[in-house]
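Asks:
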Amino acid sequence: MVFFGFVPLFGLKTASAILLCWLTRSNILAAVLACTAHDILFPLMPAIYFWEYGMGYWLLHQPHLWPKHIPRLQGKWFDWHTYIPLLLGAGKPMLLGGGILATPFALLSFALTRSFVARHQRKKRRLELARAGQEDDPS
């Protein structure tokens, strides 16, 4: 669920994680906690979104170019007609860049979590075998 934390689906990160967990029969509570824990990085999100936009823009344009500037809103903050061109213009590059930047973090978190769970299961199995050995030994 770390993947959804980096993808710029504003307001849909937790819902997407819950849907994916429901479809794969995974732990929904763990997904919600992972998405919420990602909000610790909230102060860094403007820089992360800028990197996502730059990466996506570079990949979508032929020849590959870095963006000249990010479009700015000209004081009309509450007008949806202002946001639509911004989202249509910056949305595709941000989504593509977010997917590319999120994938390594998701794979790393998967590998770490899998190793932690495997270690915990081995330790639990050893303790159960030790308890079973003590119960069989009458002395």
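Reading the sequence shown from the start, the letters are residues 155 to 293 in this note's numbering. Beta carbons: idealized from backbone N, C-alpha and C, even for Gly. Keep in mind it's a predicted model, so treat the numbers as computed, not measured.
What does the Cβ neighbour count give for residue 247, buried or exposed, with the cut at 16 atoms within 10 Å?
Replies: Residue 247 comes out buried.
Asks: Which one of 261, 177 and 242 has the shortest CA to CA distance from residue 211?
Replies: Closest by alpha carbon: 242.
Asks: Considering residue 208, what are the terminal residues of the alpha helix (DSSP H) in which it resides?
Replies: 199-214
Asks: Using only the alpha-carbon positions, how far apart do residue 275 and residue 166 sit?
Replies: Near 33 Å, if we compare the C-alpha coordinates of residue 166 and residue 275.
Asks: Identify whether residue 268 lies in helix, strand or coil by the three-state DSSP scheme.
Replies: helix
Asks: Quick one: is residue 162 buried, meaning 16 or more other Cβ sit within 10 Å of its Cβ, or exposed?
Replies: buried
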